[in-house]
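The opening position of the sequence shown corresponds to residue 412 in this note's numbering, with each subsequent residue numbered one higher.
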Amino acid sequence: VFPETSLKATGVDFLKSQNTQEHHTDGYNIKSLVVRRGQPFQVLVSLNRELRAGDRLSLRFGIGENPMKIRGSLLSLKPERENFNGWKISIVKKNGKECLLSVTSSPNAPVGKYNLHVKTGTNTYKPENGVIYLLFNPWCEDDAVYMANEAQKKEYVLNDTGYIYVGSAYSIYDRPWNFGQFEEFVLDACMYLLEKSKLSLTDRRDPTNVSRAMSALVNANDDSGVLLGNWSGNYINGTSPMDWIGSVTILQQYYKTKKPVRYGQCWVFAGVLNTVMRCLGVPCRCVSTFDSAHDTEENLTVDIYLNEKGEKMNSLSLDSVWNFHVWNDAWMKRTDLPDGFSGWQAIDSTPQEQSQGRFQCGPCPVKAVREGDVYLPYDSKFVYAEVNADRVYWLVKKVNGKDKYFKVGTETQAIGKNISTKAVGQNRREDITREYKYPEGSKEERMSMQRAYSFIRPSGLTPRSGYASTVQTLGGNVQPLVLKEPGTKTGLQLKITNAEPLHPGNPLELAITVMISAPGNWTVELIGSCQLQYYTGKVQANLGTIKQIINLEGASEMQIPLKIAPDAYMKTLSSVEDEVLIIVTAIAEVKETNDKLTKETSMRFQYPPITIQMPETAQLYNDFSCAFIFKNKLNVTLENCKLLVEGLGIFKMTTFDLGDIMPGRIMKSEVICTPTRLGEKKMVAKLISDQIKGISAEKGITITE
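Here is the structure:
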């Protein structure tokens, strides 16, 4: 009898096109096989002879530096053995020297990079490029990130473009953003972050831990993560946060250099975190909240200090109200919490406050915010305050040479407005405020508020202790004067509007309307101010103030104009690196009744548009041309203009220098695009100049075979 030839594997075919289509991973621009957990994939093993009854064949999957069975980082799967750590393997069919195997990973397997070896008896075969990337699987019912709705998965997992909503509650606009989770090196960057996170293998099974770790690693504040935050207005040795139009360049640069990329602000952090979560297979969306509170004391009040002209004072407040703040919602089952808190979880990678010693935030169940269950992990008190704090206005007056504080208003419904995300399958804004909070004034809202307060115990409405202590040095013991809130006896109301569009280079034609509803003769003192501020609430320039005594008879109203000349603001506009908002603050006091009211409105400048011209459809690998047209309809020259252009799958990110564009001039730039991927694609363009920080445009195109 001839001795047996010992069985050896000679090749492995990862059947990439078949597997990736079934796993919704065919978009990833990467050589290796990418699959999702809890779902079968097939590999074809070639052998040196036919497989016989007594042969021992196993597939070995190893993860990490030094895989070991005892640690669970090495899985040895034999076709006849049903189950190993929740993984299964079976022989689909044998055909001569080939053997088709089906592998199903556990729906709670650790996500990451696995190496595949084929073991036959004592022989081990290591295939060339034998790396398999294993991701979360929203298509698998047993996965913690399972999402039932197909259209939602298409948006929150597979869509690689979208919008981030910015501006102010008074004028919201969309900033197109390329997430680009399928682009080259992006998945590798995410795998690098997973390794850098030092999460144990057990922690890597659970999207709760993974999303928390990623919220820490997308900012570079304490772990040399992806992006360095900078709100100083000086971006000389990096890229201004306004100059990004997507996450791809950022993650590619980070993966290449392993050093933090300069610089980000909240929408950039949110855009990158969205890319990372979608790339790993966790459904995720960018969420913008307008008039978002940054409540450093967790006492549910944000104190705003105004001087006697009614201008906001930067120096006194650690608390702030951001015109908008962007974070993310990630979708998952919370196995670590009582029932009822699964679904959307808020995560935030903008470095605002430390949580457990690191700049990380979340995941915090959106339902816990709505119900007031702010004791639940993670960081639910902070997120609750961001959308629910009260805004309290204090007027700082000199009395006998000492600062005295007069409370001139409390806004209980001003914080956490118009919470927005991109609608599923449509290019429009969806308002999701109701997911975060009950309608203002409803019974549920009051119950939720009482519940939250019972866990937070807010301090009284005196100026915040941290601030009061710094003031004592100015002049002995300052006792803040807290005025009782009179329910306004006169029905006093304020409205702030603009009569003309707010174009840079034109006068700002603003108006404050004072309204009273009670009969009688009333004397109203009105103080109004106009300032330029960053979206973080930091004042950049004081543009002008008015002070007027108005007499109103009976139920009536009067409009007081507030006009700002271009010279008052153009210099500031050209010298700052960030987009600034126009902010108008009004304080009214009815002399006869002592009624006081404060109102603040922020508005944004309006800009002429960019037009993108290109065909509706094009064929794969067939060049087409795309033109960008911009007419400067403003009456100021736009200096040092740059055009940023990126189209995922059609055109790599490029910056064009356009120099100065005089009033009335038309600028036209043309590029030649080569489509490399099929389906709906999008061209995104952005124009930046000294005077204007972001005019964006986009246009879609369908790429066919």
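All C-beta atoms in this analysis are idealised placements derived from N, C-alpha and C, irrespective of residue type, glycine included.
Contact under 7 angstroms by Cβ, residue i with residue j
i, j, result
"Gln942", "Val950", "yes"
"Trp733", "Thr947", "yes"
"Lys828", "Ala580", "yes"
"Gly449", "Asp554", "yes"
"Arg447", "Gly692", "yes"
"Val577", "Trp678", "yes"
"Glu1057", "Asn589", "yes"
"Leu984", "Phe1041", "no"
"Val529", "Val456", "yes"
"Glu822", "Arg840", "no"
"Gly783", "Ala863", "yes"
"Ser484", "Pro490", "no"
"Ser940", "Ala966", "no"
"Asp599", "Tyr666", "yes"
"Gly675", "Gly644", "no"
"Ser791", "Cys775", "yes"
"Asp633", "Phe770", "yes"
Euclidean distance between Cα positions of residue i and residue j
i, j, result
"Ser1107", "Ser443", "36 angstroms"
"Trp466", "Thr531", "Going by the sequence as given, residue 466 is Asp instead of Trp. C-alpha separation (whole angstroms): 8 angstroms."
"Met860", "Tyr795", "10 angstroms"
"Leu973", "Glu920", "6 angstroms"
"Asn710", "Ser753", "27 angstroms"
"Ile575", "Cys510", "49 angstroms"
"Asp1101", "Met981", "10 angstroms"
"Asn430", "Phe452", "6 angstroms"
"Lys744", "Asp978", "55 angstroms"
"Pro376", "Pro915", "A query on residue 376 cannot be resolved here, the shown segment of the chain reaching from 412 to 1116 and no further."
"Cys601", "Cys690", "7 angstroms"
"Glu415", "Glu461", "12 angstroms"
"Asp814", "Ile843", "42 angstroms"
"Ser428", "Leu1059", "21 angstroms"
"Thr1117", "Cys1052", "Nothing about residue 1117 can be read from this structure; the chain reaches only from 412 to 1116."
"Glu1116", "Thr436", "20 angstroms"
"Val713", "Pro618", "33 angstroms"
"Ser608", "Ile543", "20 angstroms"
"Tyr439", "Pro1020", "34 angstroms"
"Asn718", "Asp1071", "39 angstroms"
"Pro518", "Leu458", "30 angstroms"
"Gly931", "Gln970", "19 angstroms"
"Val1082", "Leu1069", "14 angstroms"
"Asp702", "Tyr847", "14 angstroms"
Selection from the options that minimises the alpha carbon distance to residue i
i, options, result
"Tyr945", "Lys723, Glu968, Tyr816", "Lys723"
"Trp738", "Ala627, Leu787, Phe817, Leu458", "Ala627"
"Asn909", "Phe1016, Lys958, Lys809", "Phe1016"
"Ser1080", "Arg781, Leu1045, Leu1055, Ile1061", "Leu1055"
"Ser469", "Ile502, Cys697, Met479, Ile481", "Ile502"
"Ser513", "Phe425, Tyr536, Pro521, Gly1111", "Phe425"
"Gly1075", "Leu1089, Thr1048, Thr1085, Cys1084", "Thr1048"
"Trp642", "Phe495, Arg673, Pro587, Thr686", "Arg673"
"Gln767", "Pro749, Pro788, Tyr603, Leu1069", "Pro788"
"Phe680", "Ser699, Arg616, Lys669", "Ser699"
"Leu903", "Lys1007, Asn917, Ile867, Leu684", "Lys1007"
"Met1014", "Glu561, Ile583, Lys1110", "Ile583"
Residue span of the beta strand (DSSP E) that contains residue i, given as start and end
i, result
"Ala966", "Segment: none, Ala966 is in no beta strand (DSSP E) and carries neither H nor E."
"Asp759", "Looking at the DSSP string, Asp759 is not in any beta strand (DSSP E), and its letter there is neither H nor E."
"Pro587", "582-589"
"Trp678", "No beta strand (DSSP E) holds Trp678; the alpha helix (DSSP H) holding it covers 677-691."
"Arg840", "840-842"
"Arg802", "801-810"
"Ser940", "932-944"
Residue i: first and last residue of the uninterrupted alpha helix (DSSP H) it sits in
i, result
"Asn620", "618-628"
"Phe866", "854-867"
"Thr668", "659-668"
"Asn430", "427-433"
"Glu822", "First-last for Glu822: 813-822, but that is the beta strand (DSSP E), not the alpha helix (DSSP H)."
"Ala1120", "No statement about residue 1120 is possible, as the shown extent of the chain runs from 412 to 1116 and does not include it."
"Cys601", "597-607"
"Gln563", "561-564"
"Ala779", "777-782"
beta-carbon residue i near the ligand ADP non-hydrogen atom, thresh 6 angstroms
i, result
"Pro1026", "The model depicted lacks the ligand ADP and carries no ligand whatsoever."
is_contact[residue i, chain C] using C-beta, thresh 7 angstroms
i, result
"Asn620", "Reference to chain C is not applicable here, since this structure consists of a single protein chain."
Three or more C-beta pairs below 8 angstroms linking the segment 642-655 and the segment 991-998: no
Meets three-Cβ-pair contact criterion under 8 angstroms: the segment 559-576 and the segment 836-846: yes
Touch test, the segment 589-597 against the segment 1023-1032, Cβ-Cβ under 8 angstroms, three pairs minimum: no
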